[in-house]
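These notes are about the structure you will find just below.
Residue numbers (our numbering), protein chains in the order written: chain A, 1 to 487; chain B, 488 to 996.
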C-alpha cells in the first residue's frame, strides 16, 4: 500500500467507481422491465459521493497526493460538488427520456457516471498528464452518448462530428503540452509555474497557444465552436444538457487549473489568446443565436456566448488586482450557468414530450395552457439574459467586476463588448418569452395542461429554486467562489 | 414601536412580494379571490406607509430614518441597506398610493386577455421594485430594484397591450437594459475608486476621492442609465410607444412612478456622489431638458391619439423636472421633487381618463371624439380639471412643479453660467405657453362641441363607481398640494440641503 494514499480525500472517486461497477453488473441481472432501477442505483451513488465532499469541506485544509499532482482543497471540492449536482440533475432529466425511448438504460448511466468520474478527477488534477487523462475520461463516454439514438442519422452525425473534433483537439492540446514539458522539464503545474516566469523562449508562446486552442474546442469557444450546434441538436436532449453544462464546465475547470496553477506567471502565453476567444465567442455566439428558429440550436449558440462571458475574467486575470476576482467570477459564473442552463433544457425536454418539436414557435401560447412551465422557463431565460432578480445578474456582475478590477484598456474594451453583447442576447431570450406569453397557441395544437413526470418536475424545481435564491441572496454562491479563489 | 422602526421599510418593500406569492398559488379560476388578495396586500402595504408617516420624525427630515443595514453580499461589500428621508418619503407614499388606486381601477376594467391573476401579480411585483428603489441606500441594492420593475412592465405591455405591443415592449426593455448596463459599470467604477457601495458614505465623500476627469466619465454612465429612464430627449423614443401600447394601468404606473426612478437616481446618487462632474454636465443636462420641453410640446401638437399626446407631454414635463435638477440649487431640486410628485398625480390621472375614454368609445383618436361634456359630463369636467392642472394653473399641484423649476434657472449654483441658464429659463417659459396650447387644444377636441355622428346615439358610460373610488383621492391630492405646497416642500427641504451642501463641497472650481 502506498503510504501517501489518503482514503478520505479520494472517497468520492472510490464511491463513484464502485457505483459504476454496481450499475454495470446490476443491469445484467435485472429483468427487462426492472432496468429503470439502474437509474436509482446511479442516483444513490452520486448522492453518496456527495457525503465525503461535505465531510472534506467541514474538515477544511488542503490534502495533497502524488507530489502535488492530485490536490483536494476548497477549489476542487466546490467543483466536485457542482459536477455531482449537475450529473444528478441530468439523471433526473434522462430517466423518462431514456425509459420512454426504449434505449439501453444500464449502459447509459454507466457512461454518464464514467464521464462524471473524469470531472471529479479533473477538479483535483494539478498535473498536465492527469488533466489530459481526466479530460479524455470526460469526453470519450460523451462521444457514445451523443450517438445514443442509433436509428436517427442526425444523432449519428452528432456523434461522428463530436468524436472527430474531440480527437483532433486532443491531439493539438497534447502537442502543446509536450512542448510545455520539453521547455520546463515537468508536467506538474506548480513546477511549470516556477519555470515559465523566468524562461525566455518564443516557443513558450506557441506551447501555450496550442494547449489553449485544445481547450477552446472542448469549451466550444469561437472560432472552434462549429461542432457544437450540430452535436447539440443531434444528441438526445438530456445528453445535450449534460454536454452544455457539465462537460463544458469540465473544459473550463481544466483551463482554469492550467492557467491559474501553471501558466499564470507568463501572461503572454495565455492572455492574448483568451482575449480573442472571449471577444469572438460573445459577439458571434450572440449574433448567430439571434437567427435561430430551433430552441436547442439557439441554446447551443447561447452557450457559446455564455462561454465567452466566462472567458472574460480569464482574459484579464493577470492585470491590475484582478487575479482573485477573476477566479471568483469564473467559479460563480460556472455554478450559476449550470443551474439556469439545466433548467432551460429541462423545460425543453418536458415540452418536447408533448409537441415532438424543438421549434421556438412550438412554445406559442404556453403561458395559457401550462403557466407553471412558462413561468419557470421565463425565469431561466431572463436569468441567462442577466436580468435581476434572477441569479444570472450576479454572474454577469462578477464578470464586469473582474474586467474593471484589471483596469487596463484591453480589459475595459472587453467589458464594454460584454455589456453590449449582453443587451443583444436579451433579444433572443426574450423571443422565446414572447412566444410563450404574447402569442396564441398554434392552430390545432393540443392545449390541455401538460403533465410532466415527477423526475423532470423535481429537476425544474431544484434549478428554479437555485436561480431565484442565488439571485436574491448571491452570497450563497459568492461565498463558494470566495472559498475556491482562496484555495 | 421599536420593532416597527426596524421592520417598516422591509415590510414596505416585501409585503407586496408576499401577496404575490399568495396570488401565485391561487387557482386561476378564483378571480374574485385574486382581486381581494391583491387589494388587501396593497392596502396593508399602504397602511405600513401611513404608519411610517406617523412615526417619521419631521424635525429630522434631512436624516435617514428607519435605517436597516445588514450584510448581504459580503464578498463584494454590498449591503442590505435601507433608509428613508424627506426626499424618499413622498415618493414612497406616492408609489404605495397609486398602486392601490390602480388595483381598484382594474376591478372591472381588466384589459384583454383578461387573466386578473397574472395582471395583479405583475402590479405587485412592480410595487416591490418601485418601493425598493426609493428606499435603497446601497448601489447594488438600488440597481436590483431599479431592474426588477422592467420585467413586469415588459409583460404588462406585451400581454395586455395594444396592437403594436410586441414592438413597444421589446423597445422599452432594450432601451432601459442598455442604459442600466452602463449604469452598472458606473456603479462599479465608483466602488473601485471610492471604495464603497453605500450611498450615505458616497454623499459624505462628495467625490473627494475621484479626480475630475474620471468623475465626468463615471457620471456619463450614470447619466445614460437615468436619462433613458426619465426619459430625456433624445432618449425618449421608447416612451410614446410604450405608453400608447400599454394597458391603462400600465401607463399610469409608468408615468406616475417608473419615470421618477430616473430623476430620483440623479438626485440621490449621481449629483451628491459626483459633484464635480455634475457641474460639468449640468449645462448639457439643462440644454437637453429645455430641448425636451419644446420638442415634447411640439410633438404633442402633432398627435392624433390622445394617449400618445399625454405621453409626449410627459417628455415635456420631465424636462421641467430635469431643468430644476440641472440648476444644482436647493430651490431647483425642491421644485424638481415637487414636480415629480405633481406629474405623477396629474399625468397618472390623465392616463386613467384616456383609458376610460378608450373603454367607452373604443377609440382614442381625437378626430373621432368630441362632445364628452355632453355625453359624459362628469368625465368631461374631470378631464378639464386635469388639463388645467397639467398646464400649470396656479392653485393646483402642477403649478408648483413647473413655476419654481423655471424660476430656479434664474440663479443656478455657483460655477454654472448664469447667462446660459437664464436663456434656458426663457425657453422653458415659452414651453409653458405651448403646454397650455396643446392641453387646451386636446380638451377642446375631446370635450367640446357635439358628439361625432358615429357616437351620437351610443350609450356612453359616465364615471363609474370604481373610477370614482380610484380617482377621487388623486383629484383631492392635486387640489391639496396646489393650495398647500408646503406639505411637500417642508419635507424635502432638509434632505435637499444635505445633498446640495455635498454638491457645493465637492465642486473643484
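We put the beta carbon where it would ideally sit given N, CA and C, even for glycine.
This one's a predicted model, so the numbers in the text were calculated from it and none came from an experiment.
Can you tell me which of the three DSSP states residue 636 (chain B) falls into?
-> Working through the second chain from its first residue, we reach residue 636 (chain B) at position 149. In the structure shown, residue 636 (chain B) sits in coil (DSSP, three-state: anything other than H, G, I, E or B).
So, are the CB atoms of residue 322 (chain A) and residue 316 (chain A) less than 8 Å apart?
-> Locating residue 322 (chain A) in the first chain gives position 322, counting from the first residue. Locating residue 316 (chain A) in the first chain gives position 316, counting from the first residue. The answer is yes: Cβ separation under 8 Å.
If you draw a straight line from the alpha carbon of residue 40 (chain A) to that of residue 426 (chain A), how long is it in whole angstroms?
-> Taking the first residue of the first chain as position 1, residue 40 (chain A) is located at position 40. Taking the first residue of the first chain as position 1, residue 426 (chain A) is located at position 426. Near 38 Å, if we compare the C-alpha coordinates of residue 426 (chain A) and residue 40 (chain A).
Beta strand (DSSP E) segment containing residue 1010 (chain B), residue limits = Because chain B in this structure spans residues 488 to 996, residue 1010 (chain B) falls outside the shown range and cannot be described.
Taking 7 Å as the cut-off, does the CB of residue 749 (chain B) come closer than this to any heavy atom belonging to the ligand MN?
-> Looking for the ligand MN in the displayed structure turns up nothing, as the structure carries no ligands at all.
Per-residue contacts from residue 638 (chain B) into chain A (C-beta, under 7 Å) | In the second chain, counting from the first residue as 1, residue 638 (chain B) sits at position 151. What residue 638 (chain B) touches in chain A: 382 and 387.
With DSSP as the reference, label residue 738 (chain B) as helix, strand or coil.
-> What you label residue 738 (chain B) is simply residue 251 of the second chain in a count that begins at 1. Note: residue 738 (chain B) maps to helix in three-state DSSP.
Does any residue of chain A bring its CB to less than 8 Å from the CB of residue 707 (chain B)?
-> The residue you call residue 707 (chain B) lines up with position 220 of the second chain. Not one chain A Cβ lies under 8 Å of residue 707 (chain B).
Buried/exposed call for residue 51 (chain A), threshold 16 Cβ in 10 Å = For the purposes of this step, residue 51 (chain A) is taken as the residue at position 51 of the first chain. It counts as exposed.
Give a yes or no on whether the C-beta atoms belonging to residue 828 (chain B) and residue 577 (chain B) are separated by under 8 Å.
-> Indexing the second chain from 1 puts residue 828 (chain B) at position 341. Indexing the second chain from 1 puts residue 577 (chain B) at position 90. Contact: yes.
On the three-state DSSP scale, how would you describe residue 851 (chain B)?
-> In the second chain, the residue the question calls residue 851 (chain B) occupies position 364. Reduced to three states, the DSSP call for residue 851 (chain B) is coil.
Residues within the segment 536-563 of chain B neighbouring chain A, beta-carbon criterion of under 9 Å | 558, 559, 560, 561, 562 and 563
Establish whether the CB of residue 599 (chain B) and some CB of chain A are separated by less than 8 Å.
-> What you label residue 599 (chain B) is simply residue 112 of the second chain in a count that begins at 1. No, no contact with chain A.
Residue range of the alpha helix (DSSP H) that includes residue 88 (chain A) = Locating residue 88 (chain A) in the first chain gives position 88, where the first residue counts as 1. Segment 74-100, the alpha helix (DSSP H) holding residue 88 (chain A).
By Cβ distance, which residues of its chain are closer than 6 Å to residue 735 (chain B), with the 5 residues on each side in sequence left out?
-> Mapped onto the second chain, residue 735 (chain B) falls at position 248. 842.
Return yes when the Cβ of residue 166 (chain A) is within less than 8 Å of the Cβ of residue 143 (chain A), no when it is not.
-> If you number the first chain from 1, residue 143 (chain A) lands on position 143. If you number the first chain from 1, residue 166 (chain A) lands on position 166. Cβ atoms of residue 143 (chain A) and residue 166 (chain A): closer than 8 Å.
What is the DSSP secondary structure of residue 317 (chain A), counted as helix, strand or coil?
-> Sequence index remark: in the first chain, residue 317 (chain A) carries index 317 (1-based). Looking at residue 317 (chain A) - three-state DSSP - the assignment turns out to be coil, as it is neither helix nor strand.
Best match in A:305, A:355 and A:416 for proximity to residue 441 (chain A) [C-alpha to C-alpha] | Within the first chain, the letter at position 441 stands for residue 441 (chain A). When each option's Cα is compared against that of residue 441 (chain A), the closest is A:355.
Opposing strand residues paired with residue 903 (chain B) [DSSP bridges] = Position 416 of the second chain holds residue 903 (chain B). Partner(s): none; residue 903 (chain B) has no beta bridge.
Check whether the Cβ of residue 1003 (chain B) lies closer than 8 Å to any Cβ atom in chain A.
-> Nothing can be reported for residue 1003 (chain B): it is not among the residues displayed for chain B, which extend from 488 to 996.
If we cut at 8 Å on Cβ distances, does residue 475 (chain A) have a partner in chain B?
-> Start at 1 with the first residue of the first chain, and residue 475 (chain A) comes out as number 475. By this cut-off, residue 475 (chain A) is an interface position.
Under a CB-based cut-off of 8 Å, is residue 487 (chain A) close to chain B?
-> As a first step, residue 487 (chain A) is located in the first chain; it is residue number 487 there, counting from the start. Since pLDDT at residue 487 (chain A) reaches only 46, below the 50 mark, its modelled position is unreliable, and the value read off the structure follows with that caveat. Chain B contact via Cβ: absent.
Please list the residues of the segment 505-524 of chain B that have a C-beta atom closer than 7 Å to any C-beta atom in chain A, keeping them in chain order.
-> none
Let me know the secondary structure DSSP gives residue 594 (chain B) once reduced to three states.
-> Along the second chain, one-based indexing puts residue 594 (chain B) at 107. In the structure shown, residue 594 (chain B) sits in coil (DSSP, three-state: anything other than H, G, I, E or B).
Residue 1 (chain A) at chain B interface by Cβ criterion, 8 Å = Taking the first chain and counting its residues from 1, the one referred to as residue 1 (chain A) is at position 1. Residue placement at residue 1 (chain A) is flagged as unreliable, the pLDDT there being 40, under the threshold of 50; the coordinate-derived value follows with that caveat. No, residue 1 (chain A) does not count as interfacial toward chain B.
Given a cut-off of 8 Å, decide if residue 277 (chain A) and residue 216 (chain A) are closer than it, judged by their beta-carbon atoms.
-> The residue you call residue 216 (chain A) lines up with position 216 of the first chain. The residue you call residue 277 (chain A) lines up with position 277 of the first chain. Cβ atoms of residue 216 (chain A) and residue 277 (chain A): closer than 8 Å.
Which residue or residues does DSSP assign as beta-bridge partners of residue 567 (chain B)?
-> By one-based count along the second chain, residue 567 (chain B) stands at place 80. Paired residues: B:557.
Under 8 Å from the C-beta of residue 401 (chain A): neighbouring residues of chain B = In the first chain, the residue the question calls residue 401 (chain A) occupies position 401. Within chain B, the residues near residue 401 (chain A) are 563 and 675.
Any idea which residues DSSP pairs residue 625 (chain B) with across the strands?
-> Mapped onto the second chain, residue 625 (chain B) falls at position 138. Bridge partners of residue 625 (chain B): B:685.
With distances taken Cα to Cα, identify the nearest neighbour of residue 16 (chain A) among A:253, A:118 and A:91.
-> Here residue 16 (chain A) corresponds to residue number 16 of the first chain, with the count starting at 1. Checked all of A:253, A:118 and A:91; the closest Cα to residue 16 (chain A) is A:118.
Over what stretch of residues does the alpha helix (DSSP H) that includes residue 399 (chain A) continue unbroken?
-> As a working mapping, residue 399 (chain A) is identified with position 399 in the first chain. Note, residue 399 (chain A): alpha helix (DSSP H), 392-406.
Selected residue, minimal CA-CA separation from residue 611 (chain B), among B:595, B:781, B:584 and B:648 = Counted from its first residue, the second chain places residue 611 (chain B) at position 124. Nearest C-alpha to residue 611 (chain B): B:584.
Would you report the Cα separation of residue 472 (chain B) and residue 759 (chain B), rounded to the nearest angstrom?
-> The requested residue 472 (chain B) does not occur in the structure, where chain B is confined to residues 488 to 996.
Given that residue 317 (chain A) touches chain B, what residues does it touch there, using C-beta distances under 7 Å?
-> As a position in the first chain, residue 317 (chain A) is number 317, starting the count at 1. In chain order: nothing, as chain B lies at least about 17 Å away.
Own chain partners of residue 487 (chain A) with C-beta closer than 6 Å, once the 5 adjacent residues on each side are dropped = Taking the first chain and counting its residues from 1, one reaches residue 487 (chain A) at position 487. Here residue 487 (chain A) scores only 46 on pLDDT, less than 50, and its place in the model should not be relied on; the value that follows carries that caveat. Answer for residue 487 (chain A): 73, 74 and 75, listed in chain order.
Spell out whether any CB of chain C is found under 8 Å from the CB atom of residue 736 (chain B).
-> The structure shown contains no chain C; its protein chains are A and B.
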